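A.B. asks: Residue numbers (this note's numbering): 163 to 581. Below you'll find the structure I mean.
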């Protein structure tokens, strides 16, 4: 055998006497190698199964560990900005971040067709990535004032198919878009904000809001076109409004309603006609922005202010007529919860001083007014400096101070309470 091993280490031919031994060795060695290959194959299969199980466990570990990560507490809007503005521009980093973002449904719930390259497949991808439960924020704007393009019509029709998920909607476009809006008849359980900016040549008989009556969570609604008093009834379907601006001046004032429209959550209201306030029941109203277009100045009637909610804290008045005869002190006394009062019209200095002096030195129960903003006129026959000196004297009162500046021959001033 030793001689055979020596021969194997050289190029010398194997002697005839040794050939049977070499053949026997090859037979047994090949058989053993075959058995080892079979065992290795079995072990390799087991190893692959173990590796697959390990990878699955690793994935579950990462998911559960991520659930405890503080980043889960970061609002999706902030994460979206981080992804947009803070990611490195190299392809590797961008690809990694994009892959992570593509599986986050909250990143794909805002849909806008403002981009010129917007097309239907992109919208379908957004819809698929946004999941099935999160509210969608939709911005749709057509580029023609008369008609929708074929692509715009297809896009809008696809969006309407998902109207049950609409959370915030902005629609801007043509008269054709207005007619399509009227076809939205499905329930809108998630809709909170709604805004229309429509190119309407003729004022339609029906309001765009009529198509959105079935929106129990609607809180804010805005329509660029004016409407008639008869459309006020649409507010019956919006009990969750917290902010509302009404500009209903066309047509005759409606007859007294069977019952005022209850808006139990309304906090901010802007109106241009006092008759609107008689149609609304706003038990927790805190801010009222009132533009009085009546040249006869209906603001001189204090009964109007006594009828306002006792929760009112902010009152901003814009009057078309002269405010000389308006009893601002009576307004403050009629609204004991009022803390902010502003008038965009000019007021005589004497009126301003009388109001501030009464508020500043009045004994308890004193009005709670803390801020008063107005524009006062220069008194006839008295230098402007005297007016300003008279007003600024209130800075020495312990209850407040005055700041003012001259604009277009009028002083614009603000009084702030120290109480």
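A virtual CB, placed ideally from N, CA and C, is assigned to each residue, including glycine. As the structure is a prediction and not an experimental result, all values here were calculated from the model.
(1) Of the residues 311, 468, 505, which one's Cα is nearest the Cα of residue 495?
(2) Given this structure, state the Cα-to-Cα distance separating residue 234 from residue 228, to the nearest angstrom.
(3) How about residue 353 and residue 379: do their beta carbons lie closer than 8 Å?
(4) Give me the Cα-Cα distance between residue 401 and residue 356, rounded to the nearest whole angstrom.
(5) At which residues does the beta strand (DSSP E) containing residue 377 begin and terminate?
(6) How should residue 187 be labelled, buried or exposed, when 16 other C-beta atoms within 10 angstroms of its C-beta is the threshold for buried?
(7) By Cβ distance below 6 Å, which residues in the same chain neighbour residue 270 in space, the five residues on each side in sequence not counted?
(8) Could you check if residue 282 is buried or exposed, using at least 16 other CB atoms within 10 Å of its CB as the buried criterion?
(9) Between residue 423 and chain B, is any beta-carbon pair separated by less than 8 Å?
(10) Taking 8 Å as the threshold (C-beta atoms), are residue 308 and residue 337 in contact?
(11) Compute the distance between the beta-carbons of residue 500 and residue 474, then report whether it is under 8 Å.
(12) What residues in its chain sit with their C-beta under 8 Å from that of residue 311, if we drop five residues either side in the sequence?
(13) Between residue 315 and residue 340, what straight-line distance do the alpha-carbon atoms span, to the nearest angstrom?
(14) What's the gap between the Cα of residue 298 and the Cα of residue 333?
(15) Starting from residue 340, trace the alpha helix (DSSP H) in both directions and tell me its first and last residue.
(16) Buried or exposed, going by whether 16 or more other CB atoms sit within 10 Å of the CB of residue 295?
(17) Pick helix, strand or coil for residue 318, following the three-state DSSP scheme.
C.D. replies: Put simply:
(1) 468
(2) 8 Å
(3) yes
(4) 14 Å
(5) Per DSSP, residue 377 belongs to no beta strand (DSSP E) and is neither H nor E.
(6) exposed
(7) 288, 291, 292
(8) exposed
(9) Looking for chain B here will not work: only one protein chain is present.
(10) yes
(11) yes
(12) 304, 305
(13) 12 Å
(14) 14 Å
(15) 337 to 343
(16) exposed
(17) helix
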